[in-house]
Structures are given as structure tokens and as C-alpha cells.
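Undergrad: If you scroll down you'll find the structure; I have some questions about it.
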Amino acid sequence: ATPVPSAPSAPISQNARCGASFGGQTCQGSKYGNCCSNHNYCGSSDDHCKIGCQASFGTCKG
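The sequence shown lines up with residues 1 to 62 when you count with full-length UniProt numbering.
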């Protein structure tokens with residue numbers, strides 16, 4: 001099996017959804033915001049970027 005490459009191979013979200021459940025879409029660079037929340041939505045609020053944020057699918061703030 002070939003190793004799975006990490007970013008930037010992930011598709012950029014076109015529907016504000018992100019994460020493994022949504023084809024591994026990333027929020028990084030999307031028009032919705034760069035953070036992927038624990039509910040698999042892209043956004044830029046603290047709700048998206050802090051607790052539960054998925055660093056594999058976008059930016060997180062501590």
C-alpha cells in the first residue's frame with residue numbers, strides 16, 4: 001500500500017463541510033473559514049477554531 005500523503009493534497013471544501021466523513025476535505029483556503037470544527041463544518045469563529053477543532057483538516061487556535 002502506498003502511504004497517504006498529508007496536506008496539501010486534501011481537497012478544499014466547496015460546501016463548508018470538512019473532515020474524514022466528508023472525503024477528507026480541508027477548510028484551509030476555503031471561502032467559509034480555515035478551521036474545521038468538531039461537527040465537521042468550516043468556519044473562522046472560536047467555536048470552529050478552538051475546542052474540538054480538527055487540525056488535520058484546517059487551522060486551529062490553541
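All C-beta atoms in this analysis are idealised placements derived from N, C-alpha and C, irrespective of residue type, glycine included.
Could you name the residues that DSSP lists as bridge partners for Gln14?
TA: By 1-based counting over the sequence shown, the position of residue 14 is 14. DSSP, once it has assigned bridges, lists no residue as partnering Gln14.
Undergrad: Return yes when the Cβ of Cys35 is within less than 8 Å of the Cβ of Ser13, no when it is not.
TA: Indexing the sequence shown from 1 puts residue 13 at position 13. Indexing the sequence shown from 1 puts residue 35 at position 35. No, the Cβ-Cβ distance between Ser13 and Cys35 is not below 8 Å.
Undergrad: State the beta-bridge partners of Gly19 as determined by DSSP.
TA: Translated into the one-based positions of the sequence shown, residue 19 becomes position 19. Answer by DSSP bridge pairing, in chain order: Gln25.
Undergrad: Which same chain residues end up closer than 8 Å to Gly43 when comparing Cβ atoms and leaving out the 5 residues on each side of it in sequence?
TA: Stepping through the sequence shown from its first residue, residue 43 is reached at position 43. Same-chain partners within the cutoff: Ala16, Cys27, Tyr32, Gly33, Cys35, Ser37, Cys49.
Undergrad: Please state if the CB of Asn40 and the CB of Ser56 are separated by a distance shorter than 8 Å.
TA: In the sequence shown, residue 56 corresponds to position 56, counting from 1. In the sequence shown, residue 40 corresponds to position 40, counting from 1. Contact: no.
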